[in-house]
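**Q**
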Amino acid sequence: MNILSKANNGASIRDQTATAGCLSYRRDQRQADSAVCVFLRRGYHLFMDHKWLEDFVVLARERSFSRAAEQRHVTQPQFSRRIRALELWVGADLINRAGLPLSLTPAGEELLPVARRALAGLAELRERIRGAQAGGDWVTLATGRTLSRTVAPAWLQRVQRAAGGFRLRILTGSIHEGATALEQGAADFLLTFSHPRLPLLLDEARFEGLTVGTDELVAVSAPRPDGRPLHALPGTERRPVLVLGYAPTLALHQILQDGLGRRAQAGRELHLRTAVESDFAESLHEQALQGVGLAWLPRALVATDLQARRLVAAEDGPGIAFEIRLLRPRQPRNALVQTVWTASSAG
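Per UniProt numbering, the sequence shown starts with residue 1, numbered consecutively.
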């Protein structure tokens, strides 16, 4: 059966036209998001995802697809497809793509204030419902898995002494997932690594942050029987050091690469060969303990192992330093969130 034939059963000409355009668009964009079209029981219709409105508002502000895609933490092709999907839903072009910087079409200018009001209204409604459902003593923290183990417990104990008893909900994920949770109101705070190599694309007019700690990546290895590192830097061209590396998606990968690059510029040549790559620092930690290779791990993660000599330093000198920052919306969700922020600032 022709896939469009069902649209003739009670669907309007506008519905049929939108569906045909959507299917044509999907043929032209082989990697188009599956969310572009949805087929409902009564006919074929194009639906609208509120994220497309968020994309459009950011694009209207940035006037650049590449910068807007960075702000939304997606690739530029993904971002372009989502804007096109919104245009298909509206039924008109929203962006003048001919010149730079980009500009809005008359339809885009008309949609922009409506989109802003709709998003603000949805956010306000969500916060009211969440506040009623969750209770007033919950605080939500978005962070990475490593920081949830090394920093979050001490931070919680410190602020609870000052802010009184409250319950903490921890959401773990990547730095970009945490930023998205903060932007969308799913988290009250974001606890994250901070480094010049890690630009966190949050609107400074809406969010603020403070430094709550420092740490460093240190090169560690399991020891030999005589106490020397099993895997020691710098290695040689013929016998490179086996390294346990971070997946490129991790913030710690970016911090490490920046530090190694600076060492290379300073003439400190290292001979390395990656033996294992993981998106989980604790996995690399365990493999370092087993002697699989050398790993650059946060000192907070390996401090007790270094003290007990289960791991030893694989090089002399300082590690690769970074900060740990706590971020929050400038407009807190409630008085408890503000109290927690004040306690964090006082620490």
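Where a beta carbon is used, it is the ideal one built from N, C-alpha and C, also for glycine.
Keep in mind that this is a model prediction, so the values were computed, not measured.
Buried or exposed: where does ALA68 fall if 16 or more other Cβ atoms within 10 Å of its Cβ makes it buried?
**A** Taking the sequence shown and counting its residues from 1, the one referred to as residue 68 is at position 68. The residue in question, ALA68, is buried, as its Cβ has 16 or more Cβ neighbours within 10 Å.
**Q** Hey, quick one: how far does the beta strand (DSSP E) through THR274 stretch, first residue to last?
**A** Position 274 of the sequence shown, counted from the first residue, corresponds to residue 274. Segment 272-278, the beta strand (DSSP E) holding THR274.
**Q** Under DSSP, the beta strand (DSSP E) around SER283 begins and ends at which residues?
**A** As a working note, residue 283 is residue 283 in the sequence shown. First-last for SER283: 281-289, but that is the alpha helix (DSSP H), not the beta strand (DSSP E).
**Q** Look at the Cβ atom of LEU102, then the Cβ atom of ARG63, and state whether they are nearer than 8 Å.
**A** Position 102 of the sequence shown holds residue 102. Position 63 of the sequence shown holds residue 63. Cβ atoms of LEU102 and ARG63: closer than 8 Å.
**Q** Distance check for THR236 and GLU208, CA to CA, integer angstroms please.
**A** By 1-based counting over the sequence shown, the position of residue 208 is 208. By 1-based counting over the sequence shown, the position of residue 236 is 236. In a straight line, the C-alpha of GLU208 is about 46 Å away from that of THR236.
**Q** Applying the criterion that 16 or more other CB atoms from any shown protein chain within 10 Å of the CB defines a buried residue, is LEU100 buried or exposed?
**A** For the purposes of this step, residue 100 is taken as residue 100 along the sequence shown, with counting starting at 1. The residue is exposed, with fewer than 16 neighbouring Cβ atoms inside 10 Å.
**Q** Under a three-way DSSP split, which group does LEU260 fall into?
**A** Translated into positions along the sequence shown, residue 260 becomes position 260. Looking at LEU260 - three-state DSSP - the assignment turns out to be helix.
**Q** Can you check which of these residues, LEU270, PRO240, TRP341 and ILE320, is closest to ILE255 by C-alpha distance?
**A** To locate residue 255, count along the sequence shown from 1; it is residue 255. When each option's Cα is compared against that of ILE255, the closest is ILE320.
**Q** So, using beta-carbon positions, are SER174 and VAL312 closer together than 8 Å?
**A** For this step, residue 174 is matched to residue 174 along the sequence shown. For this step, residue 312 is matched to residue 312 along the sequence shown. Cβ distance not < 8 Å, so SER174 and VAL312 don't count as in contact.
**Q** For ARG167, write down the residues that DSSP places opposite it in a beta bridge.
**A** By 1-based counting over the sequence shown, the position of residue 167 is 167. ARG167 pairs with TRP138.
**Q** How would you call GLY144, buried or exposed, if buried means at least 16 neighbouring beta carbons within 10 angstroms?
**A** As a working mapping, residue 144 is identified with position 144 in the sequence shown. Looking at its Cβ environment, which holds 16 or more other Cβ atoms inside 10 Å, GLY144 is buried.
**Q** Per DSSP, which residues does GLU216 bridge with? Please list them.
**A** Here residue 216 corresponds to residue number 216 of the sequence shown, with the count starting at 1. In DSSP, GLU216 forms a bridge with ALA321.
**Q** State yes or no: is the C-beta of ASP215 within less than 8 Å of the C-beta of ARG333?
**A** Residue 215 sits at position 215 when you count from the first residue of the sequence shown. Residue 333 sits at position 333 when you count from the first residue of the sequence shown. Contact flag unset, no.
**Q** Let me confirm a value: LEU244 is counted as buried when at least 16 other C-beta atoms fall within 10 Å, else exposed. Which label applies?
**A** By one-based count along the sequence shown, residue 244 stands at place 244. Classification for LEU244: buried.
**Q** Does the distance from the C-beta atom of ASP279 to that of LEU250 stay below 8 Å?
**A** Position 279 of the sequence shown holds residue 279. Position 250 of the sequence shown holds residue 250. Against a cut-off of 8 Å, the Cβ pair of LEU250 and ASP279 comes out as a contact.
**Q** Rounded to whole angstroms, what's the CA-CA distance from ARG239 to HIS271? Just pull it up for me.
**A** Translated into positions along the sequence shown, residue 239 becomes position 239. Translated into positions along the sequence shown, residue 271 becomes position 271. Taking the straight line from one Cα to the other gives about 8 Å.
**Q** Might you give, ordered along the chain, the residues of its own chain that have their beta carbon closer than 7 Å to the beta carbon of VAL58, omitting 5 neighbours on each side?
**A** To locate residue 58, count along the sequence shown from 1; it is residue 58. Closer than 7 Å at the Cβ level, and outside the excluded window around VAL58, lie ALA68, GLN71 and ARG72.
**Q** Thinking C-beta only, is LEU294 closer than 8 Å to ALA219?
**A** Here the question's residue 219 lines up with position 219 in the sequence shown. Here the question's residue 294 lines up with position 294 in the sequence shown. For ALA219 and LEU294, yes; Cβs fall inside 8 Å.
**Q** Does HIS231 pass the burial test, meaning 16 or more other C-beta atoms within 10 Å, or should it be called exposed?
**A** Within the sequence shown, the letter at position 231 stands for residue 231. Buried, because 16 or more other Cβ atoms sit within 10 Å of the Cβ of HIS231.
**Q** Starting from SER174 and walking both ways along the alpha helix (DSSP H), at which residues does that stretch end?
**A** Walking along the sequence shown from the start, residue 174 turns up at place 174. It is not in any alpha helix (DSSP H) - SER174 carries neither H nor E in the DSSP assignment.
**Q** Decide if THR150 is buried, meaning its Cβ has at least 16 other Cβ atoms within 10 Å, or exposed.
**A** The sequence position of residue 150 within the sequence shown is 150, counting from 1. By the neighbour-count rule (16 or more Cβ atoms within 10 Å), THR150 is buried.
**Q** Select from GLY108, LEU252 and VAL292 the residue whose C-alpha is nearest the C-alpha of ARG273.
**A** Mapped onto the sequence shown, residue 273 falls at position 273. Among GLY108, LEU252 and VAL292, the Cα nearest to that of ARG273 is on VAL292.
**Q** For ALA314 and LEU198, what's the separation of their Cα atoms in angstroms?
**A** Counting from one through the sequence shown, the residue named residue 314 turns up at place 314. Counting from one through the sequence shown, the residue named residue 198 turns up at place 198. For ALA314 and LEU198, the distance between alpha carbons rounds to 26 Å.
**Q** Since ARG325 and ASP188 are thought to touch, with beta carbons under 8 Å apart, how far apart are those beta carbons, to the nearest angstrom?
**A** Taking the sequence shown and counting its residues from 1, one reaches residue 325 at position 325. Taking the sequence shown and counting its residues from 1, one reaches residue 188 at position 188. Contact flag wrong, Cβ pair sits at about 15 Å.
**Q** Can the beta-carbon of LEU217 be found less than 8 Å from the beta-carbon of GLY164?
**A** On the sequence shown, residue 217 is found 217 positions in, with the first residue counted as 1. On the sequence shown, residue 164 is found 164 positions in, with the first residue counted as 1. No, Cβ-Cβ distance for LEU217 and GLY164 is not below 8 Å.
**Q** To the nearest angstrom, how far is it from the Cα of ILE3 to the Cα of ILE83?
**A** Residue numbering aside, residue 3 sits at position 3 when the sequence shown is read from its first letter. Residue numbering aside, residue 83 sits at position 83 when the sequence shown is read from its first letter. Low local confidence applies: a pLDDT of 31 at ILE3 is under 50, so the model's placement there is unreliable, and no value is given.
**Q** When you compare only the Cα positions, how much space is there between LEU297 and PHE56?
**A** Within the sequence shown, the letter at position 297 stands for residue 297. Within the sequence shown, the letter at position 56 stands for residue 56. Taking the straight line from one Cα to the other gives about 40 Å.
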